[in-house]
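See below for the structure under consideration.
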Amino acid sequence: MSKEQRKREKSKAERITALTLAAKYRQGKMSKLVQLQDVAALLYGPYSFFHSKPMVDALALPFVDVQGAQTVRPFNVGQAVPVIRQIPQLEQIEEGIKGIAAKQDVDLLAHWPDYGCATYDQLVVMARVVKARNEFTLVMKTLKWLDSVEFRVNDIREPFKDTSTLTKNMKDT
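Just so we're on the same page, the numbering used here is the position in the sequence shown counted from 1, plus 91.
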């Protein structure tokens with residue numbers, strides 16, 4: 092088995108584990124805190140609102156406003172991979188990603204004086220989580236609007252013309 096095939100198999104196994112974990116969270120059967128890497132495995136590639144939203148909501152990482160200039164620096168000798176305890180704003184995350192990408196070395200750290208350090212992979216995951224939360228908010232607003240909208244029969248056009256005789260069931264919330 093080649094290195095790429097092993098990597099693909101590992102990614103597939105992580106995704107299956109994350110989907111199983113998401114199902115347990117959705118059913119309320121999980122007491123363990125959600126880890127950033129679990130959400131990352133779930134949000135890798137295409138994902139559904141139904142499976143992903145409970146997992147992203149259960150991620151207990153607060154957002155923080157990061158001030159100050161971002162710098163890119165190498166790992167110190169013997170330095171461990173930083174642990175993410177807070178998520179900065181999306182603009183700061185993208186600035187860190189661009190800073191590391193400009194150096195063309197993903198083994199560097201993005202550093203903010205009042206936040207700390209994050210690796211390239213951690214920044215990509217945090218960006219994915221923030222974007223997913225924003226998308227989920229838009230989906231919820233769209234679904235709410237769809238539930239409340241009423242169309243006049245003469246406004247309905249093809250290919251939905253055949254649904255003009257159907258009534259819409261409204262949910263009381």
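We put the CB at the ideal spot given by N, CA and C, even for glycine.
Exercise for the section: Can you grab the Cα-Cα spacing for the pair Q177 / P153, in whole Å? Expected result: As a first step, residue 177 must be located in the sequence shown, where it is residue number 86. As a first step, residue 153 must be located in the sequence shown, where it is residue number 62. Taking the straight line from one Cα to the other gives about 5 angstroms.
Could you pull the start and end residues of the alpha helix (DSSP H) that V214 belongs to?
The count along the sequence shown starts at 1 and reaches residue 214 at position 123. In the sequence on display, residue 214 carries Leu and not Val. Element bounds for L214: Y211 to S239.
*Simplified DSSP assignment, three categories, for F154*: As a position in the sequence shown, residue 154 is number 63, starting the count at 1. Strand, per DSSP.
**Asked** What are the start and end residues of each continuous alpha helix (DSSP H) run of 4 or more residues lying completely inside the region 154-211, in chain order?
**Response** 181-194
Original post:
Alpha carbon to alpha carbon, what distance is there between F140 and D253?
Top reply: Numbered from 1 along the sequence shown, position 162 holds the residue referred to as residue 253. Numbered from 1 along the sequence shown, position 49 holds the residue referred to as residue 140. Roughly 28 angstroms between the two C-alpha positions.
TODO: For my contact list, Q161 and G190 are in at a C-beta cut-off of 8 angstroms; report their separation, rounded to the angstrom.
DONE: The residue you call residue 161 lines up with position 70 of the sequence shown. The residue you call residue 190 lines up with position 99 of the sequence shown. With 8 angstroms as the limit, Q161 and G190 qualify as a contact, their Cβ atoms being about 6 angstroms apart.
Worksheet item: Can you list, in chain order, the stretches of the alpha helix (DSSP H) that have 4 or more residues and sit fully within the region 93-147?
Response: 94-118 and 127-134
Using the C-alpha atoms, what's the distance from R164 back to L199? Position 108 of the sequence shown, counted from the start, is the residue given in the question as residue 199. Position 73 of the sequence shown, counted from the start, is the residue given in the question as residue 164. Taking the CA atoms as reference points, L199 sits about 6 angstroms from R164.
- Item | Cβ shell of V221 (< 6 angstroms), same chain only, five flanking positions each side left out | For this step, residue 221 is matched to residue 130 along the sequence shown. The residues are L181.
| task | Look at the Cβ atom of Y211, then the Cβ atom of V155, and state whether they are nearer than 8 angstroms. | result | Here residue 211 refers to the residue found at position 120 when the sequence shown is read from its first residue. Here residue 155 refers to the residue found at position 64 when the sequence shown is read from its first residue. Taking 8 angstroms as the Cβ cut-off, Y211 and V155 do not qualify as a contacting pair.
Please state whether the Cβ-Cβ distance between V157 and W203 is less than 8 angstroms.
As a first step, residue 157 is located in the sequence shown; it is residue number 66 there, counting from the start. As a first step, residue 203 is located in the sequence shown; it is residue number 112 there, counting from the start. Yes, these two residues count as a Cβ contact at 8 angstroms.
When the Cα atoms are used, what is the spatial distance from E186 to E226?
Here the question's residue 186 lines up with position 95 in the sequence shown. Here the question's residue 226 lines up with position 135 in the sequence shown. When rounded, the distance between both Cα atoms is 21 angstroms.
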